[in-house]
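Below you'll find the structure, written out as structure tokens, and then a few comments.
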Amino acid sequence: MVVFLIINGIGFGFSSVSLVASVKHLPKNKSGIGSGIVNAARQIGTCLGIAILVTVLNNNVNTAKQNIHQNATGIINQEKLSPRVKTTARQQFNKVFAISGSTKLTSKNKEVNLKRALKSAAKSKKDLPQPKRGTDLYRAYQAESKLNSANQMIVKNNQKIATTLAVLGKENDAMAKIASASKQLSEGNQRVEQGQKSC
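Numbered according to our numbering, the sequence shown spans residues 1412 to 1610.
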């Protein structure tokens, strides 16, 4: 940009000299008309040139935005992502690349909102894609699901047992010790369940 502006400035300086020189060689009775024509042509040329260049720049920027938007959407569709992440990504990209957006929302804010929404959707554990059937990963996924549901049942049953033993422990010292151990076992199972949920 700096190099082009320097070249533009040098060229503008030479053109100013040539404009003055062209009026200088006119006869005195036509120098006023010549000066007016030169100034009018310069003003009209400047206005038209700026308008055309801004129009071309606008079209190029819009075309580039559309291409980037289409490429981003294509990448999102091709990647193996959860439906929630895909939906969030599409919605956020539509907001970022919207031509008529809120004037209060700057492009930096849109980018920050995009990252925040994608991180939130990626951390969500709902609607996660399942591995392909027949693969080792799918078998491990199924086994982990069964293990998780079995552990939930153990936790529920352990709580019932702990409650019953606590009632019986009031009457018998030996049962009180068993109730205490059962309570610890129940707490351990709850920790295991929380660990499985976090995986």
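We put the CB at the ideal spot given by N, CA and C, even for glycine.
Item	Value
Compare the Cα-Cα distances from residue 1594 to each of 1605, 1575, 1498 and report the closest residue.	1575
Starting from residue 1424 and walking both ways along the alpha helix (DSSP H), at which residues does that stretch end?	1413 to 1435
How many whole angstroms separate the CB atoms of residue 1533 and residue 1496, which I take to be in contact at a CB cut-off of 8 angstroms?	6 angstroms
Could you have a look at residue 1485 and say whether DSSP puts it in helix, strand or coil?	helix
Would you give the residue range spanned by the alpha helix (DSSP H) that residue 1500 belongs to?	1494 to 1507
Beta-carbon within less than 7 angstroms of residue 1449's beta-carbon, same chain only, minus the 5 sequence neighbours each way: which residues are those?	1430, 1433, 1434
Would DSSP call residue 1598 helix, strand or coil?	helix
In this structure, does DSSP put residue 1474 in helix, strand or coil?	helix
Given that a residue counts as buried once 16 or more other Cβ atoms are within 10 Å of its Cβ, and exposed if not, what is residue 1597?	buried
Pick out whichever of 1485, 1566, 1526, 1492 has its Cα sitting closest to the Cα of residue 1506.	1526
Out of 1573, 1537, 1578, 1562, which one is the CA nearest neighbour of residue 1601?	1562
Quick one: what does DSSP say residue 1605 is sitting in, helix, strand or coil?	helix
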